[in-house]
Every structure is written in structure tokens, then in C-alpha cells.
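As you go down the protein sequences, you meet chains A and B in turn.
Take 1 as the starting number for the first sequence in my numbering and just add one per residue.
Take 182 as the starting number for the second sequence in my numbering and just add one per residue.
Quick reminder that beta carbons are idealized off the backbone N, C-alpha and C, glycines included.
There are 2 protein chains.
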Amino acid sequence: MKRIVFLLIAVATVAGVVAFTASASGDADEQASPIYGVTIPAGYRDWKLIAVDQLLVPGKADQLRAQFGNDLAIKAFREGTIPFPDGAIIAAIHWTRVPSEDNNKVLAGPFPGAQSFVVGSPVNVQFMVKDSKKYAATGGWGFADFKDGKPGDKALHETCFPCHMPAKDRDYVFTRYANAP
Amino acid sequence: MKRIVFLLIAVATVAGVVAFTASASGDADEQASPIYGVTIPAGYRDWKLIAVDQLLVPGKADQLRAQFGNDLAIKAFREGTIPFPDGAIIAAIHWTRVPSEDNNKVLAGPFPGAQSFVVGSPVNVQFMVKDSKKYAATGGWGFADFKDGKPGDKALHETCFPCHMPAKDRDYVFTRYANAP
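This is the structure in C-alpha cells:
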């Protein structure tokens, strides 16, 4: 009996190590964007805000959005530094835009007809990582688009740089810094 | 000649001190909200983001908005702490919402009919400062609304707390924390 238990533990341990190794390796590949190999930067939700915007694509997307920058990116935005320095990262969170019935009830008194829209659920998060050597072929930027923590496919990531091309004179960055009042 | 120069410097210095004192005192009054005495907290534009929203009051306001929290406020939001602790501050920047012709041109190719709206100019900034003793009569919150660095009048500030009353079960705070994807 003791021998059987030992054997089972040994098998379970080996299986566990194999499973763990496979999983760790799989995760590492899964969590980097195709083409660019960009992963989700730690703590980006707490980075300083660059700006907010709204996107409406009838029948496809109705979003409120926020862009964040790491310290290098924020400094460059404020000082108008173009191109952005290596190490700068821009993050963009996209949420669904939903009407707030709670807010509308409150607003109805003082502001008849007022409509408040708030963020619903997160849709995706995108990153631009500046590395002028590594990403020389794409304006010095590596791109990434994640949904539920998983990067989009290669076809999706092939659209990033061509789409950002029109903003070439602003180092391929569409977002402008939103000043405080 | 030496005596005249000395006298002039002395007069200038005294005048300077008087002018500085008057100005500092005047600014202090001007820059605090009526009723609550809340001033603009240093560095609030760099605080962590709570959420974003949109407000449309036909003919009156068309805005994109962002709420920021100091560390105490952010911690409370994330942990669902109600009431917010003393020292928590929430800031809300309101910008005009304007269509981005630049973005729309780019989007027109891949996303026909897409409409992008970005922030225009800053409209105002509002603050809620938690001090359960000082502001006991108004749910523990002191309010402030600034336009171009100057606080609104007393009549405006008399509307803050009554308007926030419906959110009493969330400690008078309308905004909910926007999670990352």
C-alpha cells in the first residue's frame, strides 16, 4: 500500500511539473502580441492620464476611452518631444459606453433632457511601446491589442502600423495631451 | 546720492512686502470655494484615474469628463470602502467634447461612418474633499467648482450637496471605479 501511494505521488509530481512547464511556456507565448512581442506592462492602470475620447462606429463600437502614459511618455507629451524617447509606453483602455439611468434621474431635476453616459465593461486595451531599434520598421513603435488578457491575432496586429501612418508627423501618435483647466 | 538710493530700496522693499502680503491674502480668499473653503489640490492632474464619462445637456453642455483620486480615494474605491476616509479627495475635470476630423479621416477607410470625439478645451474642475468633522453638515464632504482657476459663487456651491444626496448610499459619490480589462 505504501509503495502504491508513493508511486501515485511520484506520478502526480512529474505530471504536475510537466503541466506547469507547459502552462508557463504557453502563457508566455500567449501573453505577447504577435509580430511585436509586446506584453501587458505592470501597473499601467495607475499611470497618469494623457486624455479621454469617444468612438462610435455604428453597429460595431460605442466606446469611452482613456489613454495613459508611463513617466517617459507623459514627460514627452508635456514637453512636446517628438519623436518619443525609447522606453515610452502609451496604454489605451476602451470601455463600452452605456447610459447611466441613475445619473439621468438626478440630472432630470436641474437639467431637463440631460444624458449621462458612463463606462460599461472593458472591451480591450492597447499598447504602443517605443524602441527605435527593435521596432525600426514600424516607426520605432511596437503595438499590442489585448482582450481579456489575451493578445489579438497576427492579422489584427498587421493593421496597427498602417492605421497609425497618417499621424507620422506626431510620431504616429493620434492622442493629444488633455490639459487641466 | 547713496542715501537716496538706500531710501528708494527701503520703500520698494516695504511696498513689495505689502503688495505681496495683500496679493497672497487676496489670492487665498479668491482661490477657496465659498461655504467649504476648498482650494485646488496640488498635482491633481497627475492623480490616478477613477473613471471617465460623458455628459450631454442639449444646448448647455457637451462634455467628456475624467475623475481622479488621491491615494486615499483610490484605495477606498478599489476596496469598496464606504464611507471614504478623511483626507480622500476626488477631482473631476470636464472638457468640451469635439469631433476629431483628423481621426475621422483615418477611421473612414477601415470603419466607414466612424465618429471620433476628443476633448476640446477645459470647462471646469470640481473637487470633493472628505473631512467628516469639518463638513459634518454635508455628508462629510467639502465641495468646490473652479473655472479658469477661480471658484464659482456661493449660489453655485449651495447646489453641490443637494445634488449629491441621491447617492447617499455610496457616500454621496456618483462615480464608480472603471476596471481595467
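For A:Gly140, the closest alpha carbon among the candidates A:Asp148, A:Lys147, A:Asp131 is that of A:Asp131. Distance from B:Asn251 to B:Ile270 at the Cβ level is roughly 5 Å; contact confirmed, criterion being Cβ atoms closer than 8 Å.
The beta-carbon of B:Cys341 is placed no less than 8 Å from the nearest beta-carbon of chain A. Taking CB atoms only, A:Lys60 has a neighbour in chain B less than 8 Å away. Interface with chain B (8 Å Cβ-Cβ cutoff): A:Val57 is included. If only complete runs of 3 or more residues are kept, the segment 216-289 of chain B shows the beta strand (DSSP E) at 229-238, 242-250, 270-280, in order along the chain. Contact between the segment 167-178 of chain A and the segment 33-50 of chain A is present: 3 or more CB-CB pairs across the two stretches fall below 8 Å. Against chain B, a Cβ distance below 8 Å from A:Ala51 picks out Val299, Val300. Taking 8 Å as the threshold, the shortest C-beta distance from A:Val125 to chain B falls below it. Judged by DSSP secondary structure, B:Ala336 falls outside any beta strand (DSSP E) and instead within the alpha helix (DSSP H) spanning 335-338. In the DSSP assignment, B:Pro347 falls outside any alpha helix (DSSP H) and carries neither an H nor an E. Put simply, the CB of A:Lys48 is near chain B, with a gap under 8 Å to one of its CB atoms.
Using beta-carbon distances, A:Ile93 counts as an interface residue toward chain B, with a partner under 8 Å. Three or more Cβ pairs closer than 8 Å define a contact, and the segment 299-312 of chain B falls short of that threshold against the segment 72-85 of chain A. Listed along chain A, no residue sits closer than 8 Å to B:Asp252 by beta-carbon distance, the nearest being about 10 Å off.
With a threshold of 8 Å between beta carbons, B:Gln248 makes no contact with chain A.
Taking 8 Å as the CB threshold, A:Leu156 stays off the interface with chain B.
Residue range 115-130 is occupied by the beta strand (DSSP E) that includes A:Gln126.
In this structure, A:Gln67 lies near A:Ala91, with their beta-carbon atoms less than 8 Å apart. Counting C-beta pairs closer than 8 Å gives three or more between the segment 233-247 of chain B and the segment 110-123 of chain A, which meets the contact rule. Within chain B, no residue has its CB atom less than 8 Å from the CB of A:Lys168, the nearest being about 11 Å off.
Using beta-carbon distances, A:Gln115 counts as an interface residue toward chain B, with a partner under 8 Å.
Residue-level contact check: B:Arg278 touches chain A, since one or more beta carbons of chain A fall below 8 Å from its beta carbon. Straight-line measurement puts the Cα of B:Pro332 at about 5 Å from the Cα of B:Ser214. One thing to note: A:Val118 has its Cβ no nearer than 8 Å to the Cβ of A:Gln63. By the criterion of a C-beta distance shorter than 7 Å, B:Phe327 is surrounded in its chain by Ile221, Asn305, Val306, once the five residues flanking it on both sides are discounted. Exposed is the label assigned to B:Ile263, since fewer than 16 other Cβ atoms lie within 10 Å of its Cβ.
In the DSSP assignment, A:Phe143 is bridged to A:Met128.
Separation of A:Tyr44 and B:Arg351 (C-alpha to C-alpha, rounded to the nearest whole angstrom) is 27 Å.
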